[in-house]
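Presented below is the structure to which this report refers.
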């Protein structure tokens, strides 16, 4: 999970008030990236995946989110662009992409971690629909996007 230090400088960081171009990264992205992609994995080591997932669930509880607020939260938190791409009786499938996600693929050598985001979505869906949910994600390195599946247990 080691990244090259100069990789964070690939896209130019800009102030979104001066430039509304969605292909540029904000200063918020840099702060989030440093914590999530460098500091936390060093501190959490082999427990990174599980702890970030549960941290995401806890963050959702603290923010008291609903499903409609997720895309806006993801934009404000510099996580990327989130949308529901499929919904069934037993699951929701979200797609996460955008310049923030592309940068994470570039920084993490095509193996970025999205457990925090998955936990946030899983808990938010669980609280919104009132049924236990479990989230998993898969990355597509070729197109640099993430598919997050929220499985619903309605028993």
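Residue numbers (full-length UniProt numbering): 1 to 155. Where a beta carbon is used, it is the ideal one built from N, C-alpha and C, also for glycine.
- With a cut-off of 8 Å on Cβ pairs, the region 126 to 137 is not in contact with the region 74 to 86, counting fewer than three such pairs.
- DSSP lists no bridge partner for residue 75.
- Contact check between the region 69 to 79 and the region 135 to 149: fewer than three CB pairs, one atom from each, fall below 8 Å, which does not count as touching.
- Counting along the chain, the unbroken alpha helix (DSSP H) around residue 56 starts and ends at 48 to 63.
- Pairing residue 119 with residue 56, the inter-Cα distance amounts to about 4 Å.
- Excluding the 5 residues flanking it on each side, residue 128 has same chain C-beta neighbours closer than 7 Å at 66 and 67, in chain order.
- Linking residue 102 to residue 123 through their CA atoms gives a straight-line distance of about 25 Å.
- Counting only runs of 3+ residues, the beta strand (DSSP E) found wholly inside the region 63 to 145 occupies 81 to 87, 91 to 97 and 132 to 140, in chain order.
- A distance below 6 Å between beta-carbons, with the five flanking residues on each side excluded, links residue 85 to the following residues of its chain, in chain order: 93 and 95.
- The beta carbons of residue 44 and residue 115 sit about 10 Å from each other, so the pair does not count as a contact at 8 Å.
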